[in-house]
Amino acid sequence: MTISHHSHSGEFCCHAKGTLAEVVDEAIRQGFTTFGLSEHVPRYDESHLYPEESHLALQDLATTFDAYVVEAHRLKKLNADRITLLVGLETEYIDSAGLDALEALLARNRDSIEYLVGSVHHCDELPIDFDKAGFDRVLTLQPGSEEHERFTRLFSTYFDNQLALIQRLEPEVIGHFDLCRLYYPEIDFRTFPDVWAKIERNIDAAVSYGALFELNASAFRKGWKTGYPGVEVFDTILAKGGRFTLSDDSHGPHAVGLHYDKAYTYLRDRNVQQLWYLAPAARSAGGELGKVRRGVAAKPIAGKPWLDQWPALLEQQPSKQ
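Laid out in structure tokens, this is it:
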């Protein structure tokens with residue numbers, strides 16, 4: 208088996224490619240046994256639309272998301288004998304009103320959304336991952352006479368928003384934990400003591416209810432030498448008892464499983480002894496592996512297939528690196 212808990216398609220995401228069915232077909236072709244579908248939650252304020260969405264109305268985003276849920280469940284049923292598809296969504300934290308709207312969406316889709324990828328992509332209601340120029344603009348808006356102060360403020364806001372998301376929604380998967388340093392991967396958070404304290408706080412909060420932290424392979428295609436999270440954060444999650452899972456964060460069939468060879472090496476280099484995945488489960492108040500809040504439960508992967516079986520499976524695929 209190989210797994211991913213975070214993916215997008217061009218059918219329902221403007222910056223992705225291909226249809227959802229094409230993404231699923233590629234995951235099946237590559238031998239994935241569990242594959243999470245996690246299109247972005249719709250935004251609820253026109254000022255929060257990305258440039259690529261400028262031609263859309265807010266209702267268009269809502270309609271597109273509703274269509275995604277229907278199509279995802281159609282594909283889940285259609286391919287049930289070939290792959291376990293999980294129907295989820297990727298969150299935003301832009302402002303508290305957005306979380307209110309997200310909770311309302313989750314209530315309406317209580318029987319349809321099985322898990323959440325808890326992600327933050329904004330600071331001060333401005334996107335920080337669209338391009339480097341945009342990130343640098345947000346950085347220059349932070350108070351402080353020196354760059355270190357401005358980074359401290361931006362990172363602090365990011366991790367405070369992440370904590371609010373974690374505490375309010377308890378997402379099953381924590382998405383790209385340290386995305387806030389996307390364009391500056393050489394930064395070591397330990398040189399920002401106040402920020403590092405917030406990182407440790409957030410890890411503790413997620414560990415407390417049994418969240419999975421994704422090793423997100425998309426960082427490699429962004430030029431990182433590691434996946435998300437970077438080494439010092441990754442090692443701290445492990446030391447605090449955090450449970451890791453694996454995601455490709457693919458944005459189309461061309462990116463399914465992309466750079467998993469590097470992800471497997473990263474797991475080996477960090478001496479990971481256990482990986483986890485999400486499996487369908489009935490909602491419950493508790494159990495051996497913790498409360499099932501939505502429609503999945505975390506389960507351990509037997510053995511260490513990222514050391515041998517999964518790399519061997521990759522060797523059978525056409526190169527995408």
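When you line the sequence shown up against our numbering, it's residues 208 to 528, in that order. Yeah, the Cβ is synthetic: ideal placement off N, Cα and C, and Gly gets one too. Keep in mind that this is a model prediction, so the values were computed, not measured.
Margin query: So for LEU485, helix, strand or coil by DSSP?
Written below: Here the question's residue 485 lines up with position 278 in the sequence shown. Looking at LEU485 - three-state DSSP - the assignment turns out to be strand.
Margin query: Does GLN369 pass the burial test, meaning 16 or more other C-beta atoms within 10 Å, or should it be called exposed?
Written below: Here the question's residue 369 lines up with position 162 in the sequence shown. It is buried - the Cβ of GLN369 has at least 16 other Cβ atoms within 10 Å.
Notebook entry, point to check: Taking the continuous alpha helix (DSSP H) assigned at ASN478, which residues delimit it?
Noted result: Position 271 of the sequence shown, counting from 1, holds the residue named residue 478. Where ASN478 is concerned, there is no enclosing alpha helix (DSSP H), because DSSP gives it neither an H nor an E.
Notebook entry, point to check: Would PRO460 be called buried (16 or more neighbouring beta carbons within 10 Å of its own) or exposed?
Noted result: The residue given as residue 460 occupies position 253 in the sequence shown. For PRO460, the number of other beta carbons within 10 angstroms of its own is at least 16, and it is reported as buried.
Margin query: If you measure between the beta carbons of VAL231 and LEU282, is that distance less than 8 Å?
Written below: Position 24 of the sequence shown, counted from the first residue, corresponds to residue 231. Position 75 of the sequence shown, counted from the first residue, corresponds to residue 282. Contact: yes.
Item checked: Coil, strand or helix - GLY494 by DSSP -> By 1-based counting over the sequence shown, the position of residue 494 is 287. The pLDDT assigned to GLY494 is 45, lower than 50, so where the model puts this residue is not dependable; a value taken from the coordinates is nonetheless given after this. Annotated three-state conformation of GLY494 is coil, per DSSP.
Next item on the list: Excluding the 5 residues preceding and the 5 following ARG500 in the sequence, name in chain order all residues of the same chain whose CB lies nearer than 8 Å to its CB.
Entry: Walking along the sequence shown from the start, residue 500 turns up at place 293. For ARG500, the CB contacts under 8 Å within the same chain, skipping 5 residues up- and downstream, are GLU377, GLU379, ARG490 in chain order.
Notebook entry, point to check: Just how far apart, CA to CA, sit PRO258 and LEU296?
Noted result: The count along the sequence shown starts at 1 and reaches residue 258 at position 51. The count along the sequence shown starts at 1 and reaches residue 296 at position 89. Computed Cα separation, rounded: 21 Å.
Note to self: Among LEU465, LEU482, GLY464, whose alpha-carbon lies nearest the alpha-carbon of GLY448?
What the structure shows: Walking along the sequence shown from the start, residue 448 turns up at place 241. Minimum Cα-Cα distance from GLY448 among the listed residues LEU465, LEU482, GLY464 corresponds to LEU482.
Next item on the list: Run the proximity test for ARG250: is its beta-carbon closer than 7 Å to any non-hydrogen atom belonging to the ligand FMN?
Entry: In the structure shown, the ligand FMN is absent, as is every other ligand, since no ligand is present at all.
Next item on the list: For LEU520, name the three-state secondary structure that DSSP assigns.
Entry: For this step, residue 520 is matched to residue 313 along the sequence shown. Note: LEU520 maps to helix in three-state DSSP.
Notebook entry, point to check: Taking the Cβ atom as the reference point for each residue, do ALA418 and GLY434 lie within a distance shorter than 8 Å?
Noted result: As a working note, residue 418 is residue 211 in the sequence shown. As a working note, residue 434 is residue 227 in the sequence shown. Cβ distance not < 8 Å, so ALA418 and GLY434 don't count as in contact.
Margin query: Short of 6 Å in beta carbon distance, which residues of its chain neighbour SER454, apart from the five on each side in sequence? Order them along the chain.
Written below: As a first step, residue 454 is located in the sequence shown; it is residue number 247 there, counting from the start. Hits under 6 Å: SER211, HIS212, HIS213, GLU421, ASN423.
Margin query: Using 8 Å for Cβ pairs, my map puts LEU436 next to PHE384. What's the rounded Cβ distance?
Written below: On the sequence shown, residue 436 is found 229 positions in, with the first residue counted as 1. On the sequence shown, residue 384 is found 177 positions in, with the first residue counted as 1. Reading off the sequence, residue 436 comes out as Pro, not Leu. Cβ-Cβ separation between PRO436 and PHE384: approximately 4 Å, consistent with a contact (criterion under 8 Å).
Next item on the list: Pick out whichever of LYS405, LEU227, GLN266 has its Cα sitting closest to the Cα of GLU246.
Entry: As a position in the sequence shown, residue 246 is number 39, starting the count at 1. Sorting LYS405, LEU227, GLN266 by C-alpha distance to the C-alpha of GLU246 places LEU227 at the top.
Next item on the list: Determine the direct distance from the alpha carbon of ASP515 to that of ARG475, and round the result to whole angstroms.
Entry: Your numbering for residue 475 matches position 268 in the sequence shown. Your numbering for residue 515 matches position 308 in the sequence shown. Each residue's CA atom was taken as its position, placing ARG475 and ASP515 some 10 Å apart.
Margin query: Any contact between the stretch 257 to 271 and the stretch 344 to 359? By contact I mean 3 or more CB pairs, one from each, below 8 Å.
Written below: Taking one beta carbon from each stretch, the stretch 257 to 271 and the stretch 344 to 359 have fewer than 3 pairs nearer than 8 Å; the two do not touch.
Item checked: Environment of HIS262 [buried if 16+ CB atoms lie within 10 Å] -> In the sequence shown, the residue the question calls residue 262 occupies position 55. HIS262 counts as exposed, since fewer than 16 other C-beta atoms from the protein chains shown sit within 10 angstroms of its C-beta.
Check: Buried or exposed: where does VAL277 fall if 16 or more other Cβ atoms within 10 Å of its Cβ makes it buried?
Finding: Taking the first residue of the sequence shown as 1, we reach residue 277 at position 70. When all chains shown are included, VAL277 counts as exposed.
Notebook entry, point to check: Could you give the distance in angstroms between the alpha-carbon of GLU495 and the alpha-carbon of PHE342?
Noted result: Taking the first residue of the sequence shown as 1, we reach residue 495 at position 288. Taking the first residue of the sequence shown as 1, we reach residue 342 at position 135. Per-residue confidence for GLU495 stands at a pLDDT of 45, beneath the threshold of 50, marking its modelled position as unreliable; the derived number appears in the next sentence. About 42 Å.
Margin query: So, with DSSP's three-state summary, where would you put CYS330?
Written below: Taking the first residue of the sequence shown as 1, we reach residue 330 at position 123. Three-state DSSP puts CYS330 in a strand.
Checklist line | Straight-line gap, ALA505 to LEU386 (C-alpha atoms, nearest Å) | finding: By 1-based counting over the sequence shown, the position of residue 505 is 298. By 1-based counting over the sequence shown, the position of residue 386 is 179. So the two alpha carbons sit approximately 24 Å from each other.
Notebook entry, point to check: DSSP three-state call for ALA446: helix, strand or coil?
Noted result: The residue you call residue 446 lines up with position 239 of the sequence shown. Helix.
Margin query: In whole angstroms, give me the CA-to-CA distance for SER242 and GLU353.
Written below: The count along the sequence shown starts at 1 and reaches residue 242 at position 35. The count along the sequence shown starts at 1 and reaches residue 353 at position 146. Just to set this straight, residue 242 is Phe in the shown sequence, not Ser. Taking the straight line joining both Cα atoms gives about 44 Å.
Notebook entry, point to check: Taking just the CA atoms, how far does ILE335 sit from ILE394?
Noted result: As a working note, residue 394 is residue 187 in the sequence shown. As a working note, residue 335 is residue 128 in the sequence shown. A straight-line Cα-Cα distance of about 16 Å links ILE394 and ILE335.
Next item on the list: Provide the residue span of the alpha helix (DSSP H) that contains HIS355, from first to last.
Entry: Translated into the one-based positions of the sequence shown, residue 355 becomes position 148. Element bounds for HIS355: 354 to 376.
Checklist line | Reduced DSSP secondary structure (H/G/I, E/B, other) of PHE384 | finding: Within the sequence shown, numbered from 1, the residue matching residue 384 stands at position 177. Reduced to three states, the DSSP call for PHE384 is coil.
Notebook entry, point to check: Between ILE406 and PHE366, is the Cβ-Cβ spacing less than 8 Å?
Noted result: Here the question's residue 406 lines up with position 199 in the sequence shown. Here the question's residue 366 lines up with position 159 in the sequence shown. For ILE406 and PHE366, yes; Cβs fall inside 8 Å.
Item checked: Three-way DSSP call (helix, strand, coil) for VAL324 in this model -> The residue given as residue 324 occupies position 117 in the sequence shown. Of the three classes helix, strand and coil, the one that applies to VAL324 here is strand, per DSSP.
Notebook entry, point to check: Count the other CB atoms within 10 Å of the CB of GLN480; is the residue buried (16 or more) or exposed (fewer)?
Noted result: Working through the sequence shown from its first residue, we reach residue 480 at position 273. Answer is exposed; the Cβ neighbour count stays below 16.
Item checked: LEU422 in three-state terms, based on DSSP -> For the purposes of this step, residue 422 is taken as residue 215 along the sequence shown, with counting starting at 1. Strand at LEU422.
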